Amino acid sequence: MDILKQAAHKAEAAELYEELREGVAVNFNGGEIETAGSEAVRGRALRVIAGGRLGFASTAGGSDDALLTSALLAASHGDPAPFRFAGKDGPQTAVPVLDREVAGIGVEDLITWGEDAVRRIRDEFPELIINASLGRGTHEVAVHTSTGGEWSEKRSYLSMAVEAKLIRQGDIWSVDAFRSVRRASDLDREALLGDLLRELRWGRKIAAPPTGRPPVLFLPSGLPVLLLPLMIGFSGLSVFLGTSPLKGRLGEAAFDPRLSLTDDGVIPFGPRSRSFDDEGVPTGKLPLIDRGVVRSFYYDLRAAALAKAKPTGNGIKGGPLGGGGFRVPPGPASRHLTLAPGAGTLDDLIREMKDGLIVAGVLGLGQGNIQSGAFSNNVGIGFAVQGGVVVGRVKNTMIAGNAYDVLKDGVVAIGGDREWVFGGFHLPPFRTRNIVVVAQ
1 MDILKQAAHK AEAAELYEEL REGVAVNFNG GEIETAGSEA VRGRALRVIA
51 GGRLGFASTA GGSDDALLTS ALLAASHGDP APFRFAGKDG PQTAVPVLDR
101 EVAGIGVEDL ITWGEDAVRR IRDEFPELII NASLGRGTHE VAVHTSTGGE
151 WSEKRSYLSM AVEAKLIRQG DIWSVDAFRS VRRASDLDRE ALLGDLLREL
201 RWGRKIAAPP TGRPPVLFLP SGLPVLLLPL MIGFSGLSVF LGTSPLKGRL
251 GEAAFDPRLS LTDDGVIPFG PRSRSFDDEG VPTGKLPLID RGVVRSFYYD
301 LRAAALAKAK PTGNGIKGGP LGGGGFRVPP GPASRHLTLA PGAGTLDDLI
351 REMKDGLIVA GVLGLGQGNI QSGAFSNNVG IGFAVQGGVV VGRVKNTMIA
401 GNAYDVLKDG VVAIGGDREW VFGGFHLPPF RTRNIVVVAQ
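Taken in order, the sequence shown gives residues 1 to 440; the numbers are from the UniProt record's numbering.
Set out below in structure tokens:
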């Protein structure tokens, strides 16, 4: 690469990240088609180590000279770089991430799927405002380093998101469902609509929320409120800096023995699966919690060098929740957090809880002292349960607690059926105790 050759004269080392995202997308606003067509985004990001410091810059179309100049300028004010960019020893096994059937899905197909979703919801809830977004395409990534590393991979994607919103005087409420897959056959549109319609039916009436410390059942879409602190806590950088409550607890039973949590980057056609991370390091399957015992932490190149550990292929752009694409530098983050299932259906868990609160989603995910595990969130989508039956949706309700405490002493039951949520979590429903519920 010419830019790497140029960088070799001005920096000790360099890494070039390239991505090309091509596809088609359809958007519905208020149940009507708003936009439909093709999209393409090409970008590059350069990291350099100059004077022992790290510099980063990105561009969507600028010249090599401008990109290199920006990266070198950033390095003059950058953090120390105690690591080397990835070398020639790349991934040994390719992970299946490209489904060619996805390319055969046209704009007309996406429009039909969106129209069907709108019709299905309107047939039962004609008063709702319905928005939807559907897309498919490929995401091609390449990483090149001045130390001889060369990796490239083409990944398919297919996504569908539907939102149903109620707006009337004194009452605003919305329910949404989202799926992102790499393989066409994995997009279960019927299940997506089924989940959304179930919550809409539950929410026909407004019910008084339970308060105090009632049983709280997290649906898979609500469970990340407990897992986000762990995503920070299991970061090797947090452990090295001493901000993680898990520092020094490797091999310790820090969680409920029913809890097994894995970060798996090699699930065939998983939404965030990849053969290598955004630094060119091979990905893999990493047990974080095994039956309650802390087994490992995850590292990018920098965190591994600081902690004198081995990088685990967790150098991901956008951090714990992703996002930002090529424009942001990589950092320690999970690929897929998969929670081992327990037993029982969602209906079983609801019936057995008798009286309590179901949390399907919160507002302001990440509010609270995340490093310590504390959370305090308004319930965005929640339902009251009385006598083992959902009686309606709740309003003006807040939950608070500490994720580490709940996952150690507050686990009541783990469901047997897992769902993919937010593209990076494979989770079952999860019933807890000792969470504070407050209502206005």
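Note that beta-carbon positions come from the ideal geometry of N, C-alpha and C, so glycine has one too.
Every value quoted in this text rests on a predicted model; they were computed, and no experiment measured them.
I need the straight-line Cα distance from residue i to residue j, nearest angstrom please.
i	j	result
Asp355	Pro214	7 Å
Arg393	Val24	36 Å
Val175	Ala8	52 Å
Phe269	Gly31	31 Å
Ser334	Arg274	12 Å
Ile33	Lys88	48 Å
Arg258	Leu219	18 Å
Val406	Arg179	28 Å
Ile414	Ala207	25 Å
Val141	Thr35	27 Å
Val411	Gly361	19 Å
Gly194	Leu200	10 Å
Asp64	Ala45	11 Å
Phe422	Gly222	10 Å
Ala164	Ile172	11 Å
Arg272	Leu228	17 Å
Lys395	Pro210	11 Å
Ala66	Gln169	53 Å
Met398	Asp116	35 Å
Pro82	Arg302	7 Å
Gly248	Gly318	27 Å
Lys205	Asn434	27 Å
Rank the options by C-alpha distance to the C-alpha of residue i and give the top, closest one.
i	options	result
Gly104	Glu140, Ala74, Arg136	Arg136
Asn314	Gly280, Leu193, Arg295	Gly280
Glu101	Val181, Val266, Phe234, Trp420	Val181
residue 468	Thr35, Val48, Glu39, Lys247	In this structure the chain extends from 1 to 440, so residue 468 is not present and cannot be described.
Leu20	Arg122, Val41, Gln6, Ser260	Val41
Gly148	Ile232, Gly251, Gly325, Glu15	Glu15
Asp290	Ala305, Ala304, Thr262, Ile267	Thr262
Thr345	Tyr404, Lys154, Leu217	Leu217
Thr138	Ala439, Asn396, Ser185, Glu39	Glu39
Val118	Glu150, Glu108, Ile129	Ile129
Val107	Pro311, Asn27, Lys247	Asn27
Gly416	Arg183, Asp347, Asn378	Asp347
Leu226	Phe240, Leu250, Phe255, Lys285	Phe255
Ala305	Arg84, Tyr17, Val438	Arg84
Lys5	Gly424, Ser146, Leu134, Ala60	Ser146
Asp277	Ile435, Leu110, Glu153, Thr432	Glu153
Pro311	Gly324, Ala253, Ala184, Gly331	Gly331
Ile267	Ala253, Gly251, Leu237, Gly284	Gly284
Is residue i buried or exposed, if buried means 16 or more other CB atoms sit within 10 Å of its CB?
i	result
Gly368	buried
Leu349	buried
Asn29	exposed
Glu124	exposed
Ile167	exposed
Ala94	exposed
residue 503	Residue 503 lies beyond the range of the chain shown here (1 to 440); nothing can be said about it.
Ala403	buried
Thr112	exposed
Leu363	exposed
Glu150	exposed
Ala86	buried
Leu98	buried
Across which residues does DSSP place residue i in a beta bridge pair?
i	result
Val389	Gln386
residue 462	Because the chain is modelled from 1 through 440, residue 462 falls outside the range shown and cannot be assessed.
Leu54	Ile49
Val107	Per DSSP, none; premise fails for Val107.
Ser38	Val24
Arg431	Leu217, Ala413
Using 8 Å as the Cβ pair cut-off and three pairs as the minimum, do the stretch 48-57 and the stretch 71-91 touch?
-> They touch, by the three-pair rule.
How about the stretch 384-392 and the stretch 355-372: do they share at least three Cβ pairs that are nearer than 8 Å?
-> Result yes; three or more Cβ-Cβ pairs closer than 8 Å.
Taking contact to mean at least 3 C-beta pairs separated by less than 8 Å, is the stretch 417-430 in contact with the stretch 324-340?
-> Two segments are said to touch when three or more pairs of C-beta atoms, one from each, lie closer than 8 Å; by this definition the stretch 417-430 touches the stretch 324-340.
Three or more C-beta pairs closer than 8 Å, one from the stretch 186-195 and one from the stretch 153-165: is that the case here?
-> Counting Cβ pairs under 8 Å, three or more are found: they touch.
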